[in-house]
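First up is the structure itself, then whatever we jot down about it.
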Amino acid sequence: MGEIGEKPQDWKIRQYYEQDELVEIFVETAQYREVAPTYPNGYGKRPDAINFPGDFLDFVNNGAVAFHSSVERWRNPLLIDNVSNLDDLRENWDMVIDIDCDESFELSKEAALLVVEELRQHGINNISVKFSGNRGFHIGVRGEAFPEEVGGESFTDLYPNLGRGIVDYIRKNLKEELTQKVEEYGFKEDMQTDNGLDPYQVADLENDWGQRHLFRMPYSLHDGSWLVSKPIEPENIEGFEKEEAKMENIEFEHSFLKEYEENEAANLAIQAMDFIEERREEKKEKRFDDDKEFERPDSAVPEKYFPPTINNILEGLDDGRKRGLFILINFLRCVGYGWSEIEQKIWEWNDRNKEALREAYVKSQLNWHRNREEDVPPPNYDSNGYYKDMQVYEGTRKEEDVPNPVSYAFKEARKSDNEEFSGSGDTEDEEKDLECPYCGKEYEMESYYKKHVQKCDSEGDVKKIS
Numbered sequence: 001m002g003e004i005g006e007k008p009q010d011w012k013i014r015q016y017y018e019q020d021e022l023v024e025i026f027v028e029t030a031q032y033r034e035v036a037p038t039y040p041n042g043y044g045k046r047p048d049a050i051n052f053p054g055d056f057l058d059f060v061n062n063g064a065v066a067f068h069s070s071v072e073r074w075r076n077p078l079l080i081d082n083v084s085n086l087d088d089l090r091e092n093w094d095m096v097i098d099i100d101c102d103e104s105f106e107l108s109k110e111a112a113l114l115v116v117e118e119l120r121q122h123g124i125n126n127i128s129v130k131f132s133g134n135r136g137f138h139i140g141v142r143g144e145a146f147p148e149e150v151g152g153e154s155f156t157d158l159y160p161n162l163g164r165g166i167v168d169y170i171r172k173n174l175k176e177e178l179t180q181k182v183e184e185y186g187f188k189e190d191m192q193t194d195n196g197l198d199p200y201q202v203a204d205l206e207n208d209w210g211q212r213h214l215f216r217m218p219y220s221l222h223d224g225s226w227l228v229s230k231p232i233e234p235e236n237i238e239g240f241e242k243e244e245a246k247m248e249n250i251e252f253e254h255s256f257l258k259e260y261e262e263n264e265a266a267n268l269a270i271q272a273m274d275f276i277e278e279r280r281e282e283k284k285e286k287r288f289d290d291d292k293e294f295e296r297p298d299s300a301v302p303e304k305y306f307p308p309t310i311n312n313i314l315e316g317l318d319d320g321r322k323r324g325l326f327i328l329i330n331f332l333r334c335v336g337y338g339w340s341e342i343e344q345k346i347w348e349w350n351d352r353n354k355e356a357l358r359e360a361y362v363k364s365q366l367n368w369h370r371n372r373e374e375d376v377p378p379p380n381y382d383s384n385g386y387y388k389d390m391q392v393y394e395g396t397r398k399e400e401d402v403p404n405p406v407s408y409a410f411k412e413a414r415k416s417d418n419e420e421f422s423g424s425g426d427t428e429d430e431e432k433d434l435e436c437p438y439c440g441k442e443y444e445m446e447s448y449y450k451k452h453v454q455k456c457d458s459e460g461d462v463k464k465i466s
């Protein structure tokens with residue numbers, strides 16, 4: 001038998017997928033879901049679906065080696081590209097929490113056990129678990145376990161915000177305990193961030209939910225490890241070994257996202273919605289202070305300090321070009337670029353797009369933004385519909401530590417300024433000098449400091465601090 005990670009012969013893959021019982025499982029799982037087959041050279045076209053056994057076997061005979069499906073269930077998944085509002089087509093969605101740990105499979109088990117226990121504490125008994133096929137586990141709760149309405153809104157229409165909110169709520173609740181687990185496994189250094197220890201740098205509960213979010217279908221092969229994404233009982237997580245997920249060891253004993261009790265996930269949904277609202281209020285309170293960070297500097301921040309996510313956009317886009325244009329104009333303006341430079345960069349970027357935006361559209365956007373008086377930062381990293389949904393979010397540790405791409409650029413530029421200055425004299429004394437003599441406001445970058453002092457000096461009603 002083959003080793004883990006060794007691709008089986010094509011005929012063995014076909015033989016595995018052609019088992020009658022497995023064909024039936026795939027057809028049942030795929031009902032009302034978008035399906036994305038994976039071939040040796042990448043995903044098949046989207047959207048696609050499996051309605052009958054013959055549909056599945058056609059994929060297999062054409063060389064498909066793995067299968068993903070949407071957490072969302074659609075009235076007709078083949079109409080996805082033909083509707084302007086996906087909410088009109090979505091019938092329901094399931095909660096699938098993806099646990100991934102590069103460092104230790106045993107640590108993935110610990111994280112999965114914590115998530116299962118957290119769900120049980122919220123009154124959920126029908127919890128689906130499956131091995132992801134590689135480094136972690138998928139923990140699922142069927143959509144019918146949630147109430148039809150949460151906070152006066154339809155559960156179906158709360159996708160993807162409630163999905164993200166549930167994961168973030170669970171992440172918050174488990175952070176302290178998971179931090180201890182990660183430390184016990186010897187990965188404390190890997191948790192280090194500028195804001196303290198973050199266990200999700202090591203054992204991640206992925207929260208990058210977007211429209212048409214996919215998960216590996218139960219009993220699909222993983223096209224890397226060549227192991228099966230095998231459903232198991234929650235009680236078997238601790239003792240599970242990857243050897244059990246080899247094709248030759250698979251028996252179709254357990255289902256995934258099949259069992260549920262109506263409203264058993266109501267408490268989780270309500271608690272998560274409260275958490276989302278609390279976080280929204282906190283962001284509102286911080287918005288004024290955060291906006292102070294976005295005062296345009298006198299000189300432009302060099303490109304070497306741009307965040308990876310912005311660089312991904314600058315390389316050119318296949319989709320989301322209009323959103324990319326909006327992001328880039330606001331970003332470049334906030335980090336100090338003049339209009340001639342902005343226009344040059346935007347036109348060069350448009351040429352790099354897979355399909356260039358119409359010249360008239362780009363000109364209209366540039367003109368509109370040029371006539372705005374205020375500098376408005378681009379959307380924050382966690383804004384719905386932008387970086388993650390556009391699949392450009394790099395999510396490096398440095399990006400995770402700041403709310404906005406502009407914050408990232410300023411922080412990196414400040415760090416460079418401080419490092420250059422640290423070699424010449426007393427940094428503490430110099431930092432004290434960056435306090436406005438009129439209002440006492442402190443700045444870390446000299447260019448912003450000078451601009452602010454000039455403004456205070458020109459305002460007659462501002463008295464100098466003695």
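Using full-length UniProt numbering, read the sequence shown as starting at 1 and increasing by one per residue.
Backbone N, C-alpha and C define an ideal beta-carbon position, used for all residues, glycine too.
Predicted model, so just to flag it, every value in this text is computed and none were measured.
- For glutamate 118, there is no enclosing beta strand (DSSP E); the residue is part of the alpha helix (DSSP H) that begins and ends at 105-121.
- The same chain holds no residue with a CB closer than 7 Å to that of aspartate 382 once the five nearest residues on each side in sequence are set aside.
- According to the DSSP assignment, phenylalanine 331 belongs to the alpha helix (DSSP H) that extends over 321-334.
- Looking at the DSSP output, glutamate 149 shares a beta bridge with Ser154.
- A check of alpha carbon separations from glutamate 373 across Tyr43, Gly163, Cys334, Leu113 identifies Cys334 as the nearest.
- In this structure the stretch 21-30 lies against the stretch 251-258, because at least three pairs of beta carbons, one per stretch, are closer than 8 Å.
- A Cβ-Cβ separation of about 7 Å places leucine 119 in contact with leucine 268 under the 8 Å criterion.
- Serine 69: member of the beta strand (DSSP E) spanning 66-74, first to last residue.
- Beta-carbon to beta-carbon, methionine 390 and arginine 323 are separated by about 6 Å, close enough to satisfy the 8 Å threshold.
- Annotation: the stretch 147-218 contains the following complete segments of the beta strand (DSSP E) (minimum length 3 residues), in chain order: 203-205, 214-216.
- Listed in chain order, the non-local C-beta contacts of tyrosine 219 below 8 Å within the same chain comprise Leu22, Ile25, Phe26, Val228, Ser229, Lys230, Pro231, Ile250, Phe252, local neighbours out to five positions each way being set aside.
- Below 8 Å, too few C-beta pairs join the stretch 53-73 and the stretch 103-117 to call them touching: fewer than three.
- Of the candidates His369, Ser299, Asp318, His369 places its Cα closest to the Cα of phenylalanine 326.
- DSSP, reduced to helix, strand and coil, places leucine 221 within a strand of the structure shown.
- The three-state reading of DSSP puts isoleucine 99 in strand, counting E and B together.
- Distances from the CA of asparagine 41 to each of Asn330, Gly224, Gly316 were compared; the closest alpha carbon is that of Gly224.
- Unbroken beta strand (DSSP E) runs of no fewer than 3 residues, entirely contained in the stretch 329-382, are not found.
- Per DSSP, the beta-bridge partners of valine 35 are Ser69.
- Per DSSP, glutamate 259 lies in no beta strand (DSSP E) and is assigned neither H nor E.
- Looking at the backbone, the Cα of proline 378 and that of aspartate 87 are separated by about 26 Å.
- In the three-state reduction of the DSSP assignment, arginine 414 falls in the helix class.
- For arginine 90, the enclosing beta strand (DSSP E) covers residues 90-93.
- Here DSSP, grouped into helix, strand and coil, assigns proline 308 to helix.
- For lysine 130, the enclosing beta strand (DSSP E) stretches over residues 128-131.
- In the structure shown, isoleucine 270 falls within a helical segment according to DSSP collapsed to helix, strand and coil.
- By the Cβ test, the stretch 28-44 is in contact with the stretch 62-80, since at least three Cβ pairs between them sit closer than 8 Å.
- Annotation for proline 307: Glu399, Pro405, Tyr408 place their beta carbon closer than 6 Å to its own, counting only its chain and skipping 5 residues before and after.
- Note on isoleucine 4: under 16 other CB atoms within 10 angstroms of its CB, so exposed under the neighbour-count rule.
- For proline 231, the three-state secondary structure derived from DSSP is strand.
- Each residue's CA atom was taken as its position, placing isoleucine 124 and tyrosine 260 some 9 Å apart.
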